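Undergrad: Below you will find the structure I want to go over with you.
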Amino acid sequence: MRPFTYERVDSATAAIAAFGAGAVGAASERQYLAGGTTLIDLMKLDVMRPQTVIDINALDRTALGRVETNDQGLRLGALAHMSEVADHPVIKRDYPMIAQSLELAASPQIRNMATLGGNVLQRTRCPYFRDVSYAECNKRIPGSGCAALDGFNRSHAVLGVSDACIATYPGDFGQALIALDAMVELRGRNGDRKLPFGALHRPPGGNPEIETALLPGEIITGFAIAAAPWLRRSLYLKIRDRQSYEFALASAAIALDMGKNQIVQEVRIALGGVASVPWRARSAERALQGRRLNEQTARAAADTAFADANPHEHNLFKVGLGKRTLVRALLQAATMEL
Amino acid sequence: MAADAAPEPKANMGQPVPRLDARLKVTGEARYAADFPVGNPAYAFLVTSAIAKGRIIRLDTESARAVPGVLDILTQDNTAELKEVKFGSGGASTSIQKLGPEIAHDGQIIAMVVADTFEAAREAAYKVKATYAEDKPSATFGDEGLKEEDATKVSERHKHVPKVGDADAALASADVLVDAEYGTPTQHHNPIELFATTCVWNGGQLTIYEPTQFVYGLKNSLAKKMDVAPENVRAISPYVGGAFGSKGQFTPRTGLVALAAKKLNRPVKLVVTRDQGFTTATYRAETRHHIRLGARRDGKITGYSHEGWEITSRPDAYVVAGVEDSARIYGFGAVQTKVNAVHADRNTPGFMRSPPVVPYIYALESAMDELAARLAIDPVELRRINDTMHDPITGKPYSSRSLMRCYDEAAKAFDWSRRNPEPRSMRDGDWFIGLGCATAVYPTHVGPAAARVRMLANGEVQVQIAAHEIGNGAYTVIGQMAAERLGVPLSSVKVELGDSSLPPAPVAGGSNTTASACSAVLKACDAIRVRLARSVATTDRGRAAGFAADNGQEMRADLFRRLGVGAIEEYAEFIPRGGKPDAVKQLYAGQVAMTGGPNGEKLMYAFGAEFVEVRINALTREIRVPRIVGAFAAGRLMNTRTARSQYMGGMIWGISSALHEATEIDKARARYVNDNLADYLVPVNADIDRVEVILVPEEDHEVNPAGVKGIGELANVGTAAAVANAVYHAIGIRIRELPIRIEKLLDA
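Chains as they are written, first to last, in the numbering used here: chain A, 1 to 338; chain B, 339 to 1086.
Quick look at the structure:
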């Protein structure tokens, strides 16, 4: 860690003013601090070297930390902690996928600190990104190359990757948000705006250093999920190397509206642990729409979801495991007792 | 639960008294190396290489020196006065001890920054810039540029490997043959206490606080490194926060800290970061094995051939050569073995919990299960058929061996009889169920030791011995031995350990501490008893000698009165049977010669049997371990609570070794990739369900005067094979390379 200036602000307006017009994203010399579970970690590793850290934990929690549920749907304040939302009785009952995606992430200590807004911006666990002694990392040093391509890439992505970066988006909650067509609410220098969650993250392409569509100084204030008939029959299945405190090798977020005879009215599918960004599997959704959900159709949908997979030396198994995970999640959703 | 934690002692077992240091540890009062307050310390931070092979062309320290508070930066240019402490002499390790310009492995120390604060040292370390000329390194098996050698020709420790009869002929004529290859990965110890060193010079006297498994080794090696007389160095390490072999050897950082403290004339403190610990200390090397096991139709093994390959650094021929032990454990008939050192561009490996047997017994016990399947004989019965009370190599008898009793007790508790031998035959809904077992074994080591014991007339006892508390319960069991021998309550005994100003004990390695230290303490206590006994008339001596078991206090006060002294102090040296007469003198000089295992007149080994249940999801193939049962027999147990804890921890580590642990290597760059506790996986609580320990009574008066066999490295042996065997039973896939991860189970 290197010396930095610490500022504490008590309103979003003050935060945005303090941030100024600096550069966007991770390379910025200014960074917001919420739970700190990613930022402080990466500062200790010398990966992020902000000169100014703007603490937004004193922002009004009644507005920014609140969980609101009603007939129209759900709104989650961005400063709400992962643990609060995971334990919320209404979310557990009506939005099980969301509660599960939060509860299966990290450790209790981290969930108590980490906020939802920070969670979705969590940066990749690619070991070559997190260790500055590697000279090649296009995300850290644009144009320097990608050590993961010929390095140890077991944990890396097979979907949405490019020749410049194969880093995996590590989050779980983000899969729930993209599956449920959440809107992300933003506040910035030019006022408030809303963005579909699926437009928040940018696949690496040729510029993996640019990870989101956020403008300089923009703050995530909340997430909104509209009520829908598939929310209660929803789940998040996470497959990993150990049973807790570990990132997904593969995960699937499923929301299912099932009619008579196992016919799929609507299905929402997102995949984690296998992609460069929160990943919506729309082709798999289309493959199941109006069909009877059984092992055969689930397998066919899973094949579709991974048709464009681009694996490397050590992560080839993620294609097979990702499919199996999706099949298991779909069958599990179909048999949920409501 | 409390009853589980403190098992009722059976025959030849001591009381389950709680650890003497338990409260100190859980309240944070116990002082670990980096906790010792020193006056006005400066703080050090290491800079390590970003390549594995090549040369430093330029080391730019200018902007680092400009960081406010920086006092000094040690580099290749200002550390020439440090002497070489060669591998094998004084236990020195890791391949390169100079800070450059040659780079011989990933993460080699190339500089050390010293500053007024930790923060300044760290910031400056980040600003040291090295420019390299990089050569293509050879990382591990399968790479170009490795150098392979017959270990018996190059290893100091292993000049012979076991051989008897004509194994090739026996294998050629066997009814059933298993011919298979196995592999184990690199592993790192990762004790929670990081590697730390604090050095304080007071005139010509150097005091070092460093977590170590061998204070006398540290003292003598550091003296050599700094070119000072050993009596001018004192090593202090009363508590070690986990070591597992990683803190037994002298490594390059230590001399740097001593030198920096000398140059600055100020105490210097270094705490090595987790990732730097992966490359500046030692590790368990990856191994490969080729095993051939031949048997008659009735299960009698007729031939065993085992060739091992072990990765090591370029200069050091470090091998563990576990065939020394594996070749003894069954009545094999003909045996042939070979061990190869495979030199790569890596730091030098070193001891890690049960170094020789973990990889070699994993391979053998996997092959045994394959043989049982091939023969359609129950795996437990196959062990029974080949059980032996004699060394198949030399014919020497075992001093004691209770392997089949362990199998029988564990099998019963585990309900092994429910197992349908057919793979993939047992299932619970979406989960395949597999049951597997394997043998645990560890050689019983004992070394020379010296102890000083002082007894006051009021019954207070002070025990001094430079043994080591590495989580093994040393304070407690040594105290128990003195209390028992001198007839006082444990609360009257004060034990001092971990300081090179005390009488020496061997390195806390090879699970010898209880055997060696307790034997020396026992000897000193008995000398006190003799002196007390001599103080009375001949007719009374019998009774006086037995005062310990008698009415203690009154008798003791009387004896002290007769002697006319306030305290009796005895210093005793213990040399085990077969040890050299100057063994304690050598120990003072930091050299330790262990006896036991296969080397004496009798074979000395502890045994156990472990049974594992796994569940594997039929679709996504995650592996879970709902239950593990282990039964162990290891001579006298000093304390059933600490013994159970050792065994339980060992089995959990065994599960870890089977399913989780592996240091991943970037083969193109010969660098460790997952060098942190988030990515180097060990089980979390959710991964460990029922762990059951059965203490099997065993008596052995030949191993050492204390009658104890080492237990710290027994229970993590064989576990990985038991898990792999259970995985095979569950799903019909034989995994021959650890760890067993999901991707290895997807194609079936």
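All C-beta atoms, glycine included, are put in the ideal place defined by N, C-alpha and C. Predicted model only: the values in this text are computed from it and were never measured.
Measuring alpha carbon to alpha carbon, tell me which of B:483, B:946 and B:533 ends up nearest residue 1053 of chain B.
TA: Minimum Cα distance to residue 1053 of chain B is reached at B:946.
Undergrad: Could you run through the segment 674–700 of chain B and flag, in chain order, every residue whose CB is less than 8 Å away from some CB of chain A?
TA: So nothing in the stretch comes that close.
Undergrad: Starting from the beta carbon of residue 269 of chain A, find every residue of chain B whose beta carbon is closer than 9 Å, and list them in chain order.
TA: Within chain B, no residue comes near residue 269 of chain A; the closest Cβ sits about 16 Å away, beyond 9 Å.
Undergrad: Just to check my reading of the structure: residue 425 of chain B and residue 547 of chain B have Cβ atoms closer than 8 Å, yes? What is that Cβ distance to the nearest angstrom?
TA: That belief does not hold up - the Cβ atoms of residue 425 of chain B and residue 547 of chain B are roughly 25 Å apart, past 8 Å.
Undergrad: Which of helix, strand or coil does DSSP assign to residue 321 of chain A?
TA: Helix.
Undergrad: Would a check of beta-carbon distances place residue 1147 of chain B closer than 9 Å to chain A?
TA: Because chain B in this structure spans residues 339 to 1086, residue 1147 of chain B falls outside the shown range and cannot be described.
Undergrad: Residue 475 of chain B CB to nearest chain A CB: under 9 Å?
TA: Answer no: the Cβ-Cβ gap between residue 475 of chain B and chain A never drops below 9 Å.
Undergrad: Within 9 Å of any Cβ in chain B, is that where the Cβ of residue 14 of chain A sits?
TA: Judged by the 9 Å Cβ criterion, residue 14 of chain A is not in contact with chain B.
Undergrad: Taking the beta strand (DSSP E) that residue 802 of chain B falls in, what are its first and last residues?
TA: That run of the beta strand (DSSP E) goes 799–802.
Undergrad: Measuring alpha carbon to alpha carbon, tell me which residue in B:1005, B:1076 and B:1046 is nearest residue 313 of chain A.
TA: Nearest of B:1005, B:1076 and B:1046 to residue 313 of chain A, Cα basis: B:1005.
Undergrad: Which of the three DSSP states, helix, strand or coil, is assigned to residue 89 of chain A?
TA: Helix at residue 89 of chain A.
Undergrad: Under 9 Å between beta-carbons, which chain B residues line up against residue 223 of chain A? List them in chain order, please.
TA: What residue 223 of chain A touches in chain B: nothing, since even the nearest Cβ is about 26 Å away.
Undergrad: Where residue 693 of chain B and residue 658 of chain B are concerned, what is the direct C-alpha to C-alpha distance, given to the nearest angstrom?
TA: Taking the straight line joining both Cα atoms gives about 6 Å.
Undergrad: So that I know if they touch, is there some Cβ in chain B lying closer than 9 Å to that of residue 101 of chain A?
TA: By this cut-off, residue 101 of chain A is not an interface position.
Undergrad: Could you tell me whether any Cβ in chain A is nearer than 9 Å to the Cβ of residue 1021 of chain B?
TA: Output row for residue 1021 of chain B: interface = yes.
Undergrad: Let me know the secondary structure DSSP gives residue 891 of chain B once reduced to three states.
TA: Helix.
Undergrad: Please report how far the alpha carbon of residue 476 of chain B lies from the alpha carbon of residue 646 of chain B, in whole angstroms.
TA: Each residue's Cα considered, the two are about 19 Å apart.
Undergrad: I'd like to know if the segment 829–845 of chain B and the segment 604–618 of chain B are in contact, where contact means that at least 3 CB-CB pairs between them fall below 8 Å.
TA: The answer is no - the segment 604–618 of chain B does not touch the segment 829–845 of chain B, with fewer than three Cβ pairs under 8 Å.
Undergrad: So residue 781 of chain B is in the beta strand (DSSP E); what residue range does that whole segment cover?
TA: Note, residue 781 of chain B: beta strand (DSSP E), 769–781.
Undergrad: Does the beta-carbon distance from residue 993 of chain B to residue 966 of chain B come in below 9 Å?
TA: Contact: yes.
Undergrad: Just verifying my parser: in three-state terms, what is the DSSP assignment at residue 1067 of chain B?
TA: DSSP places residue 1067 of chain B in helix when its eight states are reduced to three.
Undergrad: Helix or strand or just coil, what does DSSP make of residue 493 of chain B?
TA: In this structure, residue 493 of chain B counts as coil in the three-state DSSP scheme.
Undergrad: Quick one: give me the first and last residue of the alpha helix (DSSP H) that residue 245 of chain A is part of.
TA: First-last for residue 245 of chain A: undefined, no H or E at that position.
Undergrad: Among A:259, A:236 and A:160, whose alpha-carbon lies nearest the alpha-carbon of residue 211 of chain A?
TA: Considering only alpha carbons, the answer is A:160.
Undergrad: Are the segment 728–748 of chain B and the segment 942–956 of chain B touching by the rule of at least three beta carbon pairs closer than 8 Å?
TA: These segments touch.
Undergrad: Along the chain, which unbroken stretches of the alpha helix (DSSP H) at least 4 residues long are found entirely within the segment 373–427 of chain B?
TA: Fully enclosed alpha helix (DSSP H) runs of 4 or longer: 400–403.
Undergrad: Mind listing the chain A neighbours of residue 1084 of chain B? Cutoff is C-beta to C-beta under 7 Å, in chain order.
TA: Here the neighbours are 317, 320 and 321.
Undergrad: Taking the CB atoms as reference points, tell me whether residue 112 of chain A and residue 81 of chain A lie closer together than 9 Å.
TA: In contact: residue 112 of chain A and residue 81 of chain A (Cβ atoms closer than 9 Å).
Undergrad: Pair every Cβ in the segment 194–205 of chain A with every Cβ in the segment 290–303 of chain A, then say whether three or more of these pairs are closer than 8 Å.
TA: Segments in contact, no.
Undergrad: If contacts are defined as beta-carbon pairs under 8 Å, then residue 78 of chain A and residue 117 of chain A qualify, I think. What distance do you get, rounded to the angstrom?
TA: Indeed, because the Cβ distance is near 3 Å, the residues count as touching under 8 Å.
Undergrad: Apply the 10 Å Cβ neighbour rule to residue 90 of chain A and answer buried if 16 or more other Cβ atoms are within range, or exposed otherwise.
TA: When all chains shown are included, residue 90 of chain A counts as exposed.
Undergrad: Helix or strand or just coil, what does DSSP make of residue 370 of chain B?
TA: If DSSP states are grouped into helix, strand and coil, residue 370 of chain B belongs with coil.
Undergrad: Given a cut-off of 9 Å, decide if residue 622 of chain B and residue 527 of chain B are closer than it, judged by their beta-carbon atoms.
TA: It is a contact, given that the beta carbons lie within the stated cut-off.
Undergrad: For residue 887 of chain B, would you say it is in contact with chain A, using Cβ-to-Cβ distances shorter than 9 Å as the test?
TA: Here the model assigns residue 887 of chain B a pLDDT of 47, short of 50, so the residue's position is not dependable and the matter cannot be decided.
Undergrad: Apart from the five residues just before and just after residue 1064 of chain B, which ones in its own chain have a Cβ nearer than 7 Å to its Cβ?
TA: Here the set comprises 772, 773, 774, 950, 951 and 952.
Undergrad: Could you work out which residues of chain B lie near residue 336 of chain A, taking near to mean beta carbons separated by less than 7 Å?
TA: Near residue 336 of chain A there are no residues of chain B at all, since even the closest Cβ is about 15 Å away, more than 7 Å.
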